[in-house]
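>
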Ligand code: HEM
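In full-length UniProt numbering, the protein residues as written are 1 to 125.
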């Protein structure tokens, strides 16, 4: 079954709720019919629409039963030469999230450092 190869452009075309494809572990799945039955809700799958949802899928620790549903939704293999590109878009998003996180850490750190400097100054002089 499913000898089709799906490339990144094609994957990205299927992002609406009634036409939704997700890439998981190198294979593309059409989850349109399943999404309403998903025990984890539709939102989480929708946010992976047209993207590499491998990390999201694996982070949850889906059961073997959940994995057994995948073959029934298979569209095809993902185009191997597009793997890095699909990964990069997720990696870029992760890097941006990290940057935002770091900025807010700095925002805590600056007043804290000022406070420490002030008390150090009071103590020594
Ligand atoms: C696309 C194929 C997917 C299938 C076939 C699937 C299937 C399932 C199934 C059967 C369960 C019930 C628990 C289990 O058996 O592990 C479940 C739970 C869950 N799934 Fe998925 N899932 C898919 C994608 C995703 C994605 C992309 C996310 C994104 C984070 C996600 C998040 C969750 C969460 C959070 C739960 C836990 C719900 C709870 O226990 O309250 N799933 N999924």
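Idealized CB from N, CA, C, for every residue including glycine.
DSSP three-state label for residue 33, please.
Three-state DSSP puts residue 33 in coil, outside helix and strand.
> Taking residue 46 as part of the alpha helix (DSSP H), name the residues at either end of that continuous run.
Its alpha helix (DSSP H) spans residues 42–46.
> For residue 85, which three-state DSSP category applies?
The answer is helix: DSSP assigns residue 85 an H, G or I state.
> Helix, strand or coil for residue 76? Go by DSSP, reduced to three states.
Residue 76: strand per DSSP, three-state reduction.
> Is it true that the stretch 33–53 meets the stretch 18–25, where meeting means three or more beta-carbon pairs spaced less than 8 Å apart?
With the cut-off at 8 Å, the stretch 33–53 and the stretch 18–25 touch.
> Are the Cβ atoms of residue 109 and residue 27 separated by less than 8 Å?
Result no, Cβ atoms of residue 109 and residue 27 do not sit closer than 8 Å.
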